[in-house]
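Report on the following structure.
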Amino acid sequence: MMELTSLLRHTLLVSSIGVLAACSSADSTSTTPNTPAAPTAVTLSGSVFASDVSGATVTIKKNDGTSIAGPVTTNADGTYSIDILDTELASDLVFESTGGGFVDEDTGLNATAGSMAAYVEGGTLADGDSVHVTPGTTIHAALIDHGKSPAEAQTTFFSAFAYDPDFTVDPIDITDPTSLTADDAARLAGWRAAVMSRLANDIGLTPEQQFDMFAAIAQDLSDGDMDGSDPSGTVEIGSTGFTSPSLATYIETTATYNTVDAANLTITYDPPPTTDNPQGKNVFTLTVMDTSGGGAATPVTGLVPGTDIKVMPMMYMANGR
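Everything in the sequence shown is counted per numbering that gives the first Met the number 0, starting at 0 for the first residue and increasing by one.
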């Protein structure tokens, strides 16, 4: 009987120790904290273009204006590289550029750049991506400053200019001979920037004043129409004494931008009279002249349409939409 009692006590003691050990193990496992991964730096790149803007200061900011990366300085070709914490990429970001020098496409003058920007929605960038700051992205970003959502700003911009500003496209200076070997998207982005240079010149602005024009166009468009005014009245271009150009003026500038000089070639577009296209179709002439000889330009012959030379039609509705 004594032996049985001793055995039972021993068994209960072992069982109790096992239960306590199990409880201790469970408690230890449940209280182990999870350590979040530390933020790491990623690298973004891009350019500031109006044409190539060298020596510009680039900073990345949040919507509230807080600087979170940079400043860095653009290279001679307008490119930059900037580091930012990967955790910041989830936020909406504004890439801001100030200063720097560039050669104005329309006048060929050396000029100092003003303020430019590109607005990037959160969650759209990853390590190694590029953001290119252009006149188009600048106007789009300024529309957001006027209270529009990114989508509303894009719609408003498109209603005036018939394209969406794309910060992922690296523009090229169309007055540079190397532009002939660039892809279509790069050349088109460069042409659109050059049109803004021509527009500024057409309305009497200096190359430096075109940056005030970008801000004025955004203010003008903030009510949905590019007509030179907003609800408060006429939109002035900074302190230049000029008013923001209307959509009709912009369209006229694009229509007269019919000569491109690059790689010793001059290309001229000659449209037919409007009375010659009653059915909405017409035949036009493109003249390509070779100026490389140093003397009189000579016509270039033997070009294959669609291969050696291409035309991109653009259409504007009568109501400006």
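Glycine included, C-beta positions come from ideal geometry on N, C-alpha and C.
Original post:
Using CA coordinates, which residue listed in Ala-152, Ala-112, Gly-77 and Leu-88 is at the minimum distance from Lys-61?
Top reply: Considering only alpha carbons, the answer is Leu-88.
**OP:** Spatial neighbours of Val-18 within its chain, please: CB distance less than 6 Å, with the 5 preceding and 5 following residues excluded, ordered by chain position.
**Re:** Interpretation of Val-18 is limited by its pLDDT of 43, a score under 50 that renders its predicted location unreliable; the figure taken from the coordinates is listed afterwards. There are no such residues.
Original post:
Buried or exposed: where does Gly-240 fall if 16 or more other Cβ atoms within 10 Å of its Cβ makes it buried?
Top reply: Around the beta carbon of Gly-240, a 10 Å sphere encloses fewer than 16 other beta carbons of the protein chains shown; the residue is thus reported as exposed.
Subject >> For Ile-236, the three-state DSSP class (helix, strand or coil) >> reply: Reduced to three states, the DSSP call for Ile-236 is coil.
**OP:** Drop a sphere of 10 angstroms on the beta-carbon of Ala-254, count the other beta-carbons inside from all chains shown, and report buried for 16 or more, exposed for fewer.
**Re:** Around the C-beta of Ala-254, fewer than 16 other C-beta atoms lie within 10 Å, and the residue is accordingly described as exposed.
**OP:** Just the C-alpha distance for Ser-228 and Thr-42, rounded to the nearest angstrom, thanks.
**Re:** Inter-residue distance for Ser-228 and Thr-42 is about 41 Å (C-alpha atoms, whole angstroms).
**OP:** Return helix, strand or coil for Met-225, following the three-state DSSP convention.
**Re:** If DSSP states are grouped into helix, strand and coil, Met-225 belongs with coil.
Original post:
chain B beta carbons: is any one of them nearer than 8 Å to that of Asp-175?
Top reply: The structure shown contains no chain B; it is built from a single protein chain.
**OP:** Work out the CA separation of Leu-179 and Asp-219 for me, nearest whole Å.
**Re:** Roughly 35 Å separates the two Cα atoms.
**OP:** Determine the DSSP secondary structure at Ser-114, reduced to helix, strand or coil.
**Re:** In this structure, DSSP gives Ser-114 a state outside helix and strand, which the three-state scheme calls coil.
Original post:
Who are the Cβ neighbours of Arg-186 in its own chain at under 7 Å, not counting the five residues just before and after it?
Top reply: Hits under 7 Å: Ile-171, Ile-173 and Ser-178.
**OP:** Closer than 8 Å by C-beta to Ala-110: which residues in its own chain qualify, once you throw out the five before and the five after it? Chain order, please.
**Re:** Around Ala-110: Gly-100, Phe-101, Val-102, Asp-103, Thr-205, Pro-206 and Glu-207.
Original post:
Under a Cβ-count criterion, where at least 16 other Cβ atoms within 10 Å of its own Cβ denotes burial, should Tyr-118 be classed as buried or exposed?
Top reply: With 16 or more other Cβ atoms within 10 Å, it is buried.
**OP:** Assign Asn-200 to one of two classes, buried (16 or more other C-beta atoms within 10 Å of its C-beta) or exposed (fewer than that).
**Re:** It is buried - the Cβ of Asn-200 has at least 16 other Cβ atoms within 10 Å.
Subject >> Range covered by the alpha helix (DSSP H) that runs through Thr-155 >> reply: Taken as a continuous stretch (DSSP letters only), the alpha helix (DSSP H) holding Thr-155 covers 149 to 160.
**OP:** Just the C-alpha distance for Ala-164 and Thr-65, rounded to the nearest angstrom, thanks.
**Re:** The sequence given here places Pro at residue 164; Ala does not occur at that position. Our two residues, Pro-164 and Thr-65, have alpha carbons roughly 24 Å apart in a direct line.
Subject >> Nearest-angstrom Cα separation, counted from Met-195 out to Ile-134 >> reply: Sequence check: residue 134 is Pro here, not Ile. Cα to Cα, Pro-134 sits roughly 7 Å from Met-195.
Original post:
Per DSSP, Ile-83 forms a beta bridge with which residues?
Top reply: Looking at the DSSP output, Ile-83 shares a beta bridge with Val-41.
Original post:
Looking at C-alpha atoms only, which residue of Ile-236, His-139 and Ala-152 is the closest neighbour of Gln-209?
Top reply: Out of Ile-236, His-139 and Ala-152, Ile-236 has the C-alpha closest to the C-alpha of Gln-209.
Subject >> Span separating the alpha-carbon of Val-93 from that of Ile-59 >> reply: Cα to Cα, the separation comes out at about 6 Å.
Subject >> Span of the beta strand (DSSP E) around Val-130 >> reply: 129 to 132 is the span of the beta strand (DSSP E), which, as asked, contains Val-130.
**OP:** Could you name each continuous alpha helix (DSSP H) segment of 4 residues or more that falls completely within the segment 164 to 212, going from the start of the chain to the end?
**Re:** Within the segment 164 to 212, the complete alpha helix (DSSP H) runs of at least 4 residues fall at 183 to 201.
Original post:
Does the separation of the CB atoms of Glu-120 and Asp-144 fall below 8 Å?
Top reply: In this structure, Glu-120 keeps its C-beta atom at 8 Å or more from the C-beta atom of Asp-144.
**OP:** Please say whether Ser-129 and Thr-167 have beta carbons closer to each other than 8 Å?
**Re:** Taking C-beta atoms as the reference points, Thr-167 and Ser-129 count as a pair closer than 8 Å.
**OP:** For Ile-331, write down the residues that DSSP places opposite it in a beta bridge.
**Re:** For residue 331 there is no data in the structure shown, the boundaries of the chain being 0 and 320.
Subject >> Close Cβ partners of Ala-184 (< 7 Å) along its chain, the five nearest in sequence each way excluded >> reply: Here the set comprises Val-168.
**OP:** Out of Arg-197, Val-57 and Ala-140, state which residue places its alpha-carbon closest to the alpha-carbon of Glu-95.
**Re:** Nearest C-alpha to Glu-95: Val-57.
Original post:
For Thr-78, which of helix, strand or coil comes out of DSSP?
Top reply: Strand at Thr-78.
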